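Chains as they are written, first to last, in the numbering used here: chain A, 63 to 187; chain B, 386 to 890. A virtual CB, placed ideally from N, CA and C, is assigned to each residue, including glycine. Fair warning: this is a prediction, and the values are worked out from it, not measured in the lab. Heads up: the structure comes next, in structure tokens.
So this is what it looks like as structure tokens:
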């Protein structure tokens with residue numbers, strides 16, 4: 063199970079990567095493995111505002127439907143359009159091509175309170 | 386001591402799954418000009434459809450129906466039926482679904498011409514017997530659940546859930562209150578949040594504690610006067626009894642909310658404890674689970690809803706009611722209206738009453754006692770083979786977790802479930818409840834004998850041994866069935882809803 067050092071994590075199994083005021087969000091390798099084959103991803107609407115812990119989308123696998131919670135607060139500025147036709151990217155490349163959306167944050171937007179890789183590994187071991 | 390043959394009870398290894406060729410669709414069997422019927426010659430001249438029906442209502446394309454002879458038609462569906470696993474064929478431990486055997490006598494009673502031949506629109510004066518059946522069933526269901534009155538109209542469990550939520554809304558509205566939230570535990574059946582949403586409410590989820598029950602502190606933290614009620618299953622979907630139910634009921638009632646009992650697991654408590662005595666206000670029953678009416682397969686179903694006296698005035702109507710020494714249809718004063726076109730699926734209701742009358746009160750109690758005993762026998766027996774999610778006495782079903790098997794050997798719950806079918810048993814429920822990782826949920830029901838339980842346990846043991854010795858074969862299971870492992874992910878990602886039966890070049 064991969065848990066890249068350069069990312070931050072929520073206890074709900076989302077990852078977050080910050081570049082300036084933009085935070086890219088996805089679900090972790092642990093989450094995609096637990097869900098199994100992902101068959102549908104519902105992303106938030108561009109322009110919507112999200113708060114920390116709010117449901118921003120859904121990921122449906124052959125086993126279940128799970129909500130995706132925002133790890134940071136801000137405004138959704140981009141979603142990964144590729145997931146509409148290729149939800150399997152979440153399984154194949156959760157930290158890369160399987161990203162979900164990007165949020166513009168004001169200030170740190172809750173990013174600093176997220177877990178680091180070591181703490182997330184401890185949570186999922 | 387009586388010796389029984391080890392095969393007594395048995396498994397469905399003799400299911401007539403002859404050959405492994407796929408059965409063609411009915412359209413592939415079609416030959417132009419063949420027919421399974423012929424109309425009588427009436428002398429009425431045929432007329433084009435356009436002469437009889439306004440053109441805007443006519444479809445543009447002619448629907449291509451299969452043209453097959455009666456002989457080929459019967460053979461096709463008989464072959465398909467022989468490829469089904471059914472309750473009549475063998476043990477069906479599909480957790481949460483209570484797939485018990487249905488006694489045939491109930492079908493016999495429902496087939497009596499005096500019941501089956503009556504038009505639902507016939508007036509009460511000509512259908513006193515039918516009304517008596519409905520009044521008697523309502524009384525029996527109220528006695529079992531500890532409630533005051535019931536509607537028999539809802540066509541299935543989910544329809545019962547929606548009816549219950551509409552009753553909740555009507556109750557609060559009559560008090561001038563508009564409450565918006567319904568609380569549901571994270572172990573709930575998926576129908577609960579769906580019904581809440583359909584009923585116009587918002588869902589608030591409460592977590593389970595480390596014993597698998599509602600986290601009481603978390604529940605109290607979300608309770609306020611915006612809460613219309615809580616939906617609970619008891620025993621819950623983990624097969625565990627909610628031991629704090631009295632305290633939960635008091636807390637919800639304290640803020641003016643109502644308690645809704647999801648009757649999916651009622652088969653565990655008949656004659657032992659009643660939802661009404663636990664503090665519930667609304668109870669739906671899945672008659673096919675608890676009272677042995679037809680399971681699934683498109684129904685028809687029946688999901689009666691029983692309520693406490695303060696909700697009786699809101700029940701759907703008309704209800705069969707005893708008026709003096711006669712029976713009549715009466716609509717409650719503040720009724721939410723009809724939830725079914727007629728009086729519910731009446732022949733299903735007749736079966737349920739037959740089942741209840743045949744068993745009697747003591748018999749129904751034995752049903753639940755044996756359902757719980759069988760589940761605990763399986764739990765105890767398999768606890769040395771698999772991890773039990775919450776290893777303490779369960780009610781009518783037990784939830785195993787295959788997390789360890791998956792981590793160490795790459796074997797998932799779905800692999801074990803698929804492989805079990807080759808051993809002559811229906812698969813257990815997998816991946817539910819959602820809060821248990823790699824869940825395998827087994828509900829043997831009271832109708833399986835000790836010998837069948839033994840055979841089922843041995844099948845699981847065999848599969849657990851294979852998981853260590855030959856995991857690849859488990860990934861490929863089932864291999865002996867007419868249809869092997871289906872790629873469910875591909876099917877869901879690239880959904881194709883049509884089938885082209887024309888010969889492909």
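Below-8 Å beta-carbon distance, residue i vs any chain B residue
i: residue 154 of chain A; result: no
i: residue 126 of chain A; result: yes
i: residue 144 of chain A; result: no
i: residue 104 of chain A; result: no
i: residue 150 of chain A; result: yes
i: residue 74 of chain A; result: no
i: residue 96 of chain A; result: yes
i: residue 121 of chain A; result: no
i: residue 112 of chain A; result: no
i: residue 99 of chain A; result: yes
i: residue 82 of chain A; result: no
Residue i vs residue j beta-carbon contact at 8 Å
i: residue 635 of chain B; j: residue 557 of chain B; result: no
i: residue 535 of chain B; j: residue 715 of chain B; result: no
i: residue 551 of chain B; j: residue 721 of chain B; result: yes
i: residue 733 of chain B; j: residue 687 of chain B; result: yes
i: residue 570 of chain B; j: residue 593 of chain B; result: yes
i: residue 705 of chain B; j: residue 511 of chain B; result: no
i: residue 865 of chain B; j: residue 396 of chain B; result: no
i: residue 811 of chain B; j: residue 853 of chain B; result: no
i: residue 491 of chain B; j: residue 736 of chain B; result: yes
i: residue 863 of chain B; j: residue 806 of chain B; result: yes
i: residue 693 of chain B; j: residue 533 of chain B; result: yes
i: residue 412 of chain B; j: residue 444 of chain B; result: no
i: residue 120 of chain A; j: residue 139 of chain A; result: no
i: residue 126 of chain A; j: residue 816 of chain B; result: yes
i: residue 579 of chain B; j: residue 591 of chain B; result: no
i: residue 501 of chain B; j: residue 507 of chain B; result: no
i: residue 82 of chain A; j: residue 112 of chain A; result: no
i: residue 702 of chain B; j: residue 475 of chain B; result: no
i: residue 678 of chain B; j: residue 651 of chain B; result: no
i: residue 548 of chain B; j: residue 724 of chain B; result: yes
Any C-beta of chain A under 8 Å from that of residue i
i: residue 816 of chain B; result: yes
i: residue 878 of chain B; result: yes
i: residue 819 of chain B; result: yes
i: residue 873 of chain B; result: yes
Rounded Cβ spacing between residue i and residue j (contact assumed at less than 8 Å)
i: residue 730 of chain B; j: residue 833 of chain B; result: Not really, about 27 Å apart at Cβ, beyond 8 Å.
i: residue 92 of chain A; j: residue 186 of chain A; result: 5 Å
i: residue 617 of chain B; j: residue 644 of chain B; result: 7 Å
i: residue 878 of chain B; j: residue 803 of chain B; result: With a Cβ gap of about 20 Å, residue 878 of chain B and residue 803 of chain B do not count as contacting.
i: residue 371 of chain B; j: residue 545 of chain B; result: Given that chain B is displayed from residue 386 to residue 890, the structure contains no residue 371 of chain B and the question cannot be resolved.
i: residue 566 of chain B; j: residue 611 of chain B; result: 5 Å
i: residue 669 of chain B; j: residue 647 of chain B; result: 7 Å
i: residue 655 of chain B; j: residue 750 of chain B; result: 6 Å
i: residue 90 of chain A; j: residue 67 of chain A; result: Not really, about 13 Å apart at Cβ, beyond 8 Å.
i: residue 663 of chain B; j: residue 630 of chain B; result: 5 Å
i: residue 790 of chain B; j: residue 842 of chain B; result: That belief does not hold up - the Cβ atoms of residue 790 of chain B and residue 842 of chain B are roughly 17 Å apart, past 8 Å.
Close Cβ partners of residue i (< 8 Å) along its chain, the five nearest in sequence each way excluded
i: residue 78 of chain A; result: 69, 70, 71, 72, 85, 86, 87, 133, 134, 173 and 176
i: residue 99 of chain A; result: 123, 124, 150 and 153
i: residue 639 of chain B; result: 608
Contacts that residue i makes with chain D (C-beta to C-beta distance below 7 Å)
i: residue 464 of chain B; result: Annotation note: the requested chain D is absent from the structure, which comprises protein chains A and B.
Beta-carbon contacts of residue i that lie in its chain and below 7 Å, excluding the five residues immediately before and after
i: residue 624 of chain B; result: 760, 779, 780, 781, 782, 783 and 784
i: residue 755 of chain B; result: 831
i: residue 858 of chain B; result: 851
i: residue 860 of chain B; result: 800
i: residue 757 of chain B; result: 653, 780 and 781
i: residue 104 of chain A; result: 119 and 120
i: residue 386 of chain B; result: Any reading at residue 386 of chain B must be qualified, since the residue scores a pLDDT of 47, below 50, and its modelled position is unreliable; no value is offered.
i: residue 820 of chain B; result: 571, 572 and 593
Other residues of its chain near residue i: CB distance less than 6 Å, five sequence neighbours each side excluded
i: residue 597 of chain B; result: 623, 625 and 775
i: residue 726 of chain B; result: none
i: residue 814 of chain B; result: 479, 480, 481 and 826
i: residue 458 of chain B; result: 421
Legend entry - Residues of the segment 822 to 838 of chain B with Cβ closer than 8 Å to any Cβ of chain A, in chain order: From the segment 822 to 838 of chain B, only 822 have a Cβ closer than 8 Å to chain A.
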